[in-house]
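*Asks:* First to last, the protein sequences are chains R and Z. Mapping to the working numbering: the first sequence position 34 is 353, numbers consecutive. Mapping to the working numbering: the second sequence position 126 is 154, numbers consecutive. Ideal Cβ placement from N, Cα and C applies to all residues, glycine included.
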Amino acid sequence: MIALIALVVGVVAGLVLEPSVPAGLQAYLPIAVVAALDAVTGGVRAWLRKEFNDKQFVISFVSNVLVAALIVFLGDKLGVGAQLSTGVVVVLSMRIFANVAAIRQTVFKA
Amino acid sequence: MSVADKPDPDRDERPADDVPEAPGDAPADPADARADHDEADPEARTDGDDEVSAGGDEAAPGGDSDEGGAGQPPAARWWTHRLPTRSGALIGVLLALLGFALAVQLKGRDSDQGLAAARQEDLVRILDDLDSRKERLQRDISDLNAKKQQLNSGEQGRKAAVDDARQRADELGILAGTLPAEGPGLLITFRSGGDPVPASVLLDAVEELRGAGAEAMQFAGGGRTVRVVASTAFVDDGSGVAVGSVRLSAPYTVSVIGDPATMQAALNIPGGVVDTVRQSGGTVSVQQPAVVHVSATRKVPRPRYARPVS
């Protein structure tokens, strides 16, 4: 419940404040968002299976975001930023799909 | 009471599902989850243990109280708001950040959506389209410019024609006496002596002035004025003279526009107008004002029979 409220509050704040993304962060923000979505779907999955763990969620959230950003940063430095970003997005979306599939199985038993 | 009621449906299916699968159900690390939960809310744990032991006694006598405490209460705790501790707040902050970033990202991409996401071939095609469109528009511009120039020159030609016609109309108007005129010229006054000035003398004067290049002329006398044109007749009428259809009486003043020196010379030649009037006892005074006004006009009747030959 708190999590949902916080999410809504964040979205509303983003829509109301309309900050412009700094140029330096422009490459990282979408990747970080996808990584965070992976962590969130994982958290929902664990919660539905009643094995949710705050510490694990927080750590996976933060580390997902940081590692994704780090990989993109490294890719930029190595000159393969676009390819690595694509790779990160592919891997993260596969994980999101797996999480959503697990959620589906838990909720609908199918 | 509600807390105790709620887990009951769960617990009914637990014995079949949960107990045997306990190690496999939480593959991430059940120990970690348990420990974390314990340290986050020890009170909840004792509560949960109590419930589990109570419920477990009913439904599954063999239920492991420790395992039940780890697997089950977190969900119950989330719904009942018992856990908004440090980690709950942290999760809230993280999710708020996520929502914020999501909104910002979506909002930011809205503005420059179309082209940034387009593929290269699409971009090339769009560029080609724009190029050809630009060419077409430029052709249109040059076409329209040429047209505009043409119209402008046509307009100029028409304007010149109109100016020309207007000037011609002015000249003809002065000549026909339909327009007032002004310019250099003479003011000539005829005063009669014993005999009235006859019409023939006035006609002589008019002819002399015309011969000397007079362009516009009017006669005044007895408070009336009349424009003198080609068809104006001079007829003796008792003590006065009828000029055209207007009867004038002496003294007569002639306002005439033309070259003053030439006209003066023409009037003063020996045996001319001035001489004739003097011989009959009258006087002729000639003034040369800076500007002579010929203000009288006449209406030109529309020709009834004559038509221009075109």
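Can you pull the chain R neighbours of Z:PRO133, defined as C-beta to C-beta under 8 angstroms?
*Replies:* Here residue 133 of chain Z refers to the residue found at position 105 when the second sequence is read from its first residue. The identity of residue 133 of chain Z in the sequence shown is Gln, whereas the question assumes Pro. Per Cβ cutoff of 8 angstroms: VAL340, LEU348, PRO349 and VAL352.
*Asks:* So Z:LEU125 contacts chain R; which residues on that side make the cut at Cβ distance below 7 angstroms?
*Replies:* Within the second sequence, residue 125 of chain Z is the residue found at index 97, counting from 1. What Z:LEU125 touches in chain R: GLY329.
*Asks:* Would you verify that the beta carbon of R:VAL377 is, or is not, closer than 7 angstroms to some beta carbon of chain Z?
*Replies:* Working through the first sequence from its first residue, we reach residue 377 of chain R at position 58. It does: the Cβ of R:VAL377 has a partner Cβ on chain Z nearer than 7 angstroms.
*Asks:* Give the interface partners of R:GLY333 over in chain Z, defined as CB-CB distance under 9 angstroms, in chain order.
*Replies:* Position 14 of the first sequence, counting from 1, holds the residue named residue 333 of chain R. Result: GLY127, PHE128, ALA129, LEU130, ALA131, VAL132, GLN133, LEU134 and LYS135.
*Asks:* Beta carbon of R:VAL352, beta carbon of Z:GLN133: below 7 angstroms?
*Replies:* Mapped onto the first sequence, residue 352 of chain R falls at position 33. Mapped onto the second sequence, residue 133 of chain Z falls at position 105. Yes, the pair counts as a contact, with Cβ atoms nearer than the cut-off.
*Asks:* Report yes if the C-beta distance between Z:LEU342 and Z:PHE262 is below 7 angstroms; otherwise report no.
*Replies:* Residue 342 of chain Z lies beyond the residue range present for chain Z, which begins at 29 and ends at 338; the question has no answer from this structure.
*Asks:* Buried or exposed: Z:ASP159, going by 16 or more other Cβ atoms within 10 Å of its Cβ?
*Replies:* Counting from 1 along the second sequence, the entry for residue 159 of chain Z is found at position 131. Result: exposed.
*Asks:* Straight-line CA distance for R:VAL327 to R:VAL399?
*Replies:* Residue 327 of chain R sits at position 8 when you count from the first residue of the first sequence. Residue 399 of chain R sits at position 80 when you count from the first residue of the first sequence. C-alpha separation (whole angstroms): 35 angstroms.
*Asks:* For Z:LYS187 and Z:VAL152, what's the separation of their Cα atoms in angstroms?
*Replies:* In the second sequence, counting from the first residue as 1, residue 187 of chain Z sits at position 159. In the second sequence, counting from the first residue as 1, residue 152 of chain Z sits at position 124. Looking at the two C-alpha atoms, the distance is approximately 51 angstroms.
*Asks:* Given 8 angstroms as the limit, is there contact between the region 368-384 of chain R and the region 117-134 of chain Z, that is, 3 or more CB pairs closer than that?
*Replies:* Touching, yes, given that three or more Cβ pairs across the two stretches are closer than 8 angstroms.
*Asks:* Taking all protein chains shown into account, do 16 or more other C-beta atoms lie within 10 angstroms of the C-beta of R:SER412, making it buried, or fewer, making it exposed?
*Replies:* For this step, residue 412 of chain R is matched to residue 93 along the first sequence. Answer is exposed; the Cβ neighbour count stays below 16.
*Asks:* Kindly provide the ranges of any alpha helix (DSSP H) runs that are 4 or more residues long and lie completely inside the region 146-202 of chain Z, ordered along the chain.
*Replies:* Whole alpha helix (DSSP H) segments, 4+ residues: zero.
*Asks:* For Z:ILE119, would you say it is in contact with chain R, using Cβ-to-Cβ distances shorter than 7 angstroms as the test?
*Replies:* Mapped onto the second sequence, residue 119 of chain Z falls at position 91. So, interface residue.
*Asks:* Output the distance between the C-alpha atoms of Z:ARG275 and Z:ALA248, rounded to the nearest integer angstrom.
*Replies:* On the second sequence, residue 275 of chain Z is found 247 positions in, with the first residue counted as 1. On the second sequence, residue 248 of chain Z is found 220 positions in, with the first residue counted as 1. If I take the Cα positions, the gap works out to 10 angstroms.
*Asks:* On a Cα-Cα basis, can you pick out the residue from R:LEU397, R:ALA346, R:VAL331 and R:VAL340 that is closest to R:ALA388?
*Replies:* As a working mapping, residue 388 of chain R is identified with position 69 in the first sequence. The candidate whose alpha carbon is nearest that of R:ALA388 is R:ALA346.
*Asks:* Report back the beta-carbon spacing between Z:GLY211 and Z:PRO288 to the nearest angstrom; my notes put them in contact at under 8 angstroms.
*Replies:* Here residue 211 of chain Z corresponds to residue number 183 of the second sequence, with the count starting at 1. Here residue 288 of chain Z corresponds to residue number 260 of the second sequence, with the count starting at 1. Actually they are not in contact, since the Cβ atoms of Z:GLY211 and Z:PRO288 sit about 10 angstroms apart, beyond 8 angstroms.
*Asks:* Going by other Cβ atoms of all chains shown within 10 Å of its Cβ, with 16 needed for buried, is Z:ILE119 buried or exposed?
*Replies:* To locate residue 119 of chain Z, count along the second sequence from 1; it is residue 91. Counting Cβ neighbours within 10 Å, Z:ILE119 comes out buried, since at least 16 surround it.
*Asks:* Could you spell out the range, first to last residue, of the beta strand (DSSP E) harbouring Z:TYR280?
*Replies:* On the second sequence, residue 280 of chain Z is found 252 positions in, with the first residue counted as 1. From DSSP, the beta strand (DSSP E) with Z:TYR280 extends over 280-285.
*Asks:* Quick check on R:ARG364: buried or exposed, where buried means 16 or more other Cβ atoms within 10 Å of its Cβ?
*Replies:* Here the question's residue 364 of chain R lines up with position 45 in the first sequence. Per the 10 Å Cβ criterion, buried.
*Asks:* Quick one: grab the DSSP three-state call for Z:GLY213.
*Replies:* Translated into the one-based positions of the second sequence, residue 213 of chain Z becomes position 185. Z:GLY213: strand per DSSP, three-state reduction.
*Asks:* Does DSSP put Z:ASP264 in a helix, a strand or coil?
*Replies:* For the purposes of this step, residue 264 of chain Z is taken as the residue at position 236 of the second sequence. Three-state DSSP puts Z:ASP264 in a strand.
*Asks:* Cβ of Z:GLU235 within 7 angstroms of Cβ of Z:GLY286?
*Replies:* For the purposes of this step, residue 235 of chain Z is identified with residue 207 of the second sequence, where counting begins at 1. For the purposes of this step, residue 286 of chain Z is identified with residue 258 of the second sequence, where counting begins at 1. Their beta carbons are not under 7 angstroms apart, which means Z:GLU235 does not touch Z:GLY286 by this criterion.
*Asks:* Under 7 angstroms between the Cβ atoms of Z:ASP264 and Z:PRO226?
*Replies:* Residue mapping note: residue 264 of chain Z aligns to position 236 of the second sequence, counting from 1. Residue mapping note: residue 226 of chain Z aligns to position 198 of the second sequence, counting from 1. Going by C-beta atoms, Z:ASP264 is nearer than 7 angstroms to Z:PRO226.
*Asks:* Measuring CB atoms only, is the region 289-306 of chain Z touching the region 322-331 of chain Z, in the sense that at least three cross pairs come out at less than 8 angstroms?
*Replies:* Segments in contact, no.
*Asks:* DSSP on Z:GLY249, reduced to helix/strand/coil?
*Replies:* Position 221 of the second sequence, counted from the first residue, corresponds to residue 249 of chain Z. If DSSP states are grouped into helix, strand and coil, Z:GLY249 belongs with the strands.
*Asks:* Below 8 angstroms, how does it come out for the region 248-259 of chain Z and the region 278-285 of chain Z: are there three or more Cβ pairs, yes or no?
*Replies:* As far as the Cβ criterion goes, the region 248-259 of chain Z touches the region 278-285 of chain Z, which means the pair count is three or higher.
*Asks:* Does DSSP put Z:GLY76 in a helix, in a strand, or in coil?
*Replies:* Here the question's residue 76 of chain Z lines up with position 48 in the second sequence. Model confidence at Z:GLY76 stands at a pLDDT of 38, short of 50, so the residue's coordinates are unreliable; what they give is reported in the following sentence. Note: Z:GLY76 maps to helix in three-state DSSP.
*Asks:* Could you check the C-alpha separation between Z:THR206 and Z:ASP223 for me, to the nearest Å?
*Replies:* Taking the first residue of the second sequence as position 1, residue 206 of chain Z is located at position 178. Taking the first residue of the second sequence as position 1, residue 223 of chain Z is located at position 195. So the two alpha carbons sit approximately 34 angstroms from each other.
*Asks:* Could you tell me the distance, in whole angstroms, from the CA atom of Z:GLY310 to the CA atom of Z:ARG219?
*Replies:* Within the second sequence, numbered from 1, the residue matching residue 310 of chain Z stands at position 282. Within the second sequence, numbered from 1, the residue matching residue 219 of chain Z stands at position 191. So the alpha carbons of these two residues sit roughly 5 angstroms apart.
*Asks:* Do you know offhand how far R:SER339's Cα is from R:GLY329's?
*Replies:* Here residue 339 of chain R refers to the residue found at position 20 of the first sequence. Here residue 329 of chain R refers to the residue found at position 10 of the first sequence. Approximately 15 angstroms between the Cα atoms of the pair.
*Asks:* Quick check: is the beta carbon of Z:GLY116 nearer than 7 angstroms to any beta carbon in chain R?
*Replies:* In the second sequence, counting from the first residue as 1, residue 116 of chain Z sits at position 88. Yes, contact with chain R.
*Asks:* For Z:LEU215 versus Z:GLN315, is the C-beta distance shorter than 7 angstroms?
*Replies:* In the second sequence, counting from the first residue as 1, residue 215 of chain Z sits at position 187. In the second sequence, counting from the first residue as 1, residue 315 of chain Z sits at position 287. Against a cut-off of 7 angstroms, the Cβ pair of Z:GLN315 and Z:LEU215 comes out as a contact.
*Asks:* Check whether the Cβ atoms of Z:LYS294 and Z:ALA240 sit closer than 7 angstroms, and answer yes or no.
*Replies:* The residue you call residue 294 of chain Z lines up with position 266 of the second sequence. The residue you call residue 240 of chain Z lines up with position 212 of the second sequence. In the sequence on display, residue 294 of chain Z carries Ala and not Lys. Yes, Cβ-Cβ distance for Z:ALA294 and Z:ALA240 is below 7 angstroms.
*Asks:* With the cut-off set at 7 angstroms, would you say R:PHE380 and Z:LEU130 are in Cβ contact?
*Replies:* Residue numbering aside, residue 380 of chain R sits at position 61 when the first sequence is read from its first letter. Residue numbering aside, residue 130 of chain Z sits at position 102 when the second sequence is read from its first letter. No.
*Asks:* Just to confirm my understanding: we take Z:THR217, look at its own chain, exclude 5 residues before and 5 after, and list those with CB closer than 6 angstroms. What are they?
*Replies:* By one-based count along the second sequence, residue 217 of chain Z stands at place 189. Once the five neighbours on either side are set aside, the close Cβ partners of Z:THR217 are PRO279, THR281 and SER313.
*Asks:* Can you say whether Z:GLY299 is buried or exposed, counting buried as having 16 or more other CB atoms within 10 angstroms of its CB?
*Replies:* If you number the second sequence from 1, residue 299 of chain Z lands on position 271. Z:GLY299 should be labelled exposed.
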